[in-house]
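Report on the following structure.
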Amino acid sequence: METQSIINSDTLGDDGKAVANMTDFISKEARSALMSRIRSKNTGIERTVFKLLRSRGLKFRRHCADLPGCPDVAFPEQQIAVFLDGDFWHGRSFSRWRRRLKNYWRNKIEKNIRRDRLSRRKLRRRGWRVVRIWGKSIEAAPYRCLASILSVLSSAQKPKRLVYRTARRPLPARDKRHATRLHGPAAKNK
Numbered sequence: 125m126e127t128q129s130i131i132n133s134d135t136l137g138d139d140g141k142a143v144a145n146m147t148d149f150i151s152k153e154a155r156s157a158l159m160s161r162i163r164s165k166n167t168g169i170e171r172t173v174f175k176l177l178r179s180r181g182l183k184f185r186r187h188c189a190d191l192p193g194c195p196d197v198a199f200p201e202q203q204i205a206v207f208l209d210g211d212f213w214h215g216r217s218f219s220r221w222r223r224r225l226k227n228y229w230r231n232k233i234e235k236n237i238r239r240d241r242l243s244r245r246k247l248r249r250r251g252w253r254v255v256r257i258w259g260k261s262i263e264a265a266p267y268r269c270l271a272s273i274l275s276v277l278s279s280a281q282k283p284k285r286l287v288y289r290t291a292r293r294p295l296p297a298r299d300k301r302h303a304t305r306l307h308g309p310a311a312k313n314k
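Residue numbering for the sequence shown follows the working numbering, beginning at 125 and increasing consecutively.
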């Protein structure tokens, strides 16, 4: 008996050639349980970098939601944002392996790549420096990744703070009772 494979748009690669249709070898419930364990925050690579940064006594913010792209590590005073990206989800060397994916996953990762580019562009327009470190690099050489973050930090100059000095002006009549507390006893007589 001869088996016949059905080729649809999901099983065609970019070049129009058929790609092996990979069936899932576990149940839908088991796959759901596995996928639910994939974290978006506080992943293993993030915890490694957080620990290394804390060991150096550096103050930073984690998962800074008020910045574009929600950087994993942010140094607001130096305006440096660090993204600790997983290789698969953020498309490291995506052009090499994109053809092996089904359309759903290919589109999802392409969308992630576009979103990452946009958030980096927005941060740079705001004056932030952006550092991107891949997960495999952190796993292979965590101290080298720490050194790259430290080198960017050391080269960053703190933004100049503007200090406005204002001359003392007499307080309005209704606030004279608070004059002693605000400007000292001499201000009460002015």
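The beta-carbon is built from N, C-alpha and C at its ideal position, and this holds for glycine as well. A quick note: this is a predicted structure, and the numbers were derived from the prediction, not measured.
In this structure, residue 204 keeps its C-beta atom at 8 Å or more from the C-beta atom of residue 259. Within the same chain, 222 come within 6 Å of residue 230 by CB-CB distance, once the 5 residues on both sides are set aside. For the pair residue 251 and residue 227, the Cα-to-Cα distance works out to about 36 Å.
For residue 218, the enclosing alpha helix (DSSP H) starts and ends at 218–221. Between residue 166 and the set 208, 217 and 184, the nearest pair of CA atoms involves 208. Annotation: the continuous alpha helix (DSSP H) that includes residue 233 extends over 227–249. Counting only the Cα atoms, residue 242 lies some 10 Å from residue 236.
Within the same chain, 262 and 266 come within 7 Å of residue 172 by CB-CB distance, once the 5 residues on both sides are set aside.
Beta-bridge analysis with DSSP links residue 257 to 208.
Going by beta carbons, residue 192 and residue 246 fall inside the 8 Å limit.
Burial check for residue 150: the Cβ neighbour count within 10 Å stays below 16, so the residue is exposed. In the displayed model, residue 174 falls within a helix according to three-state DSSP. Using a 10 angstroms sphere on the CB of residue 196, the tally of other CB atoms reaches 16 or more, which defines it as buried. Counting of Cβ neighbours within 10 angstroms places residue 215 among the buried residues, the total reaching 16 or more. By a beta-carbon distance limit of 8 Å, residue 254 contacts residue 244. Their separation comes to about 5 Å.
Bounds of the alpha helix (DSSP H) holding residue 271 are 266–279.
Residue 277 and residue 199 have their C-alpha atoms some 9 Å from each other.
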